[in-house]
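Each residue of the sequence shown is one higher than the last, beginning at 36 in the working numbering. Read through the structure below, which is laid out as structure tokens, and then see the notes.
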Amino acid sequence: MAHSCIELYIHIIFSTKDRKQSIPQSHESRLHGYIQGILKKRNIPVIRINGMHDHIHILLKLNSIVPLGTLIKEIKSYSTAWMKKEGFLQFAWQIGYGAFSCSINHVDALTNYIDNQKEHHKKFNFSEEVMRLCQKWQVKWAYEEQTNENNSVNNEIS
């Protein structure tokens, strides 16, 4: 085969450091746009970016050029520097991340899910969201760690 064919849709989730609500509503869409610019420079099609004040969801179509870990490191480091330049000197992302493949048949449903973050989080917080997603996608090692006293995620997905 002379050419490569890559059809990988990846749902990336990561939170702010210590899950602090450090993404102000005034900068939420600008941060999403900045991250979209990072991905555009790497020729990575963005399907959707959205989130809350303490985390972000990115659905993208991965290419064959940039390793996922490298891409996430760039997103986090460049967007952190941008937020600090914007005056949010304490802004930082968590160390880990969650990355899940998505069938092309489920892209529309996942896009809808990401679009409706504000509605979802009226019902449950980020820790509960991660737990529910891990259960849905049968990522046992991540949600089995939910059993501490306060029912929060002990370890980040990475």
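Don't be surprised by glycine CBs; every beta carbon is placed ideally from N, CA and C.
{"Query": "Closest residue to L124 among S114, G131, G104 and I139 (Cα-Cα distance)", "Result": "S114"}
{"Query": "DSSP bridge partner residues for M87 (one or two, in chain order)", "Result": "H90"}
{"Query": "Every unbroken beta strand (DSSP E) inside the segment 89 to 132 [3 residues or more]", "Result": "90 to 97"}
{"Query": "Neighbour-count burial assignment, L43, 16 or more Cβ in a 10 Å radius", "Result": "exposed"}
{"Query": "Run of the beta strand (DSSP E) containing F49, from where it starts to where it stops", "Result": "L43 to S50"}
{"Query": "CB of Q152 within 7 Å of CB of M87, strictly", "Result": "yes"}
{"Query": "Cβ shell of H90 (< 6 Å), same chain only, five flanking positions each side left out", "Result": "S50 and F161"}
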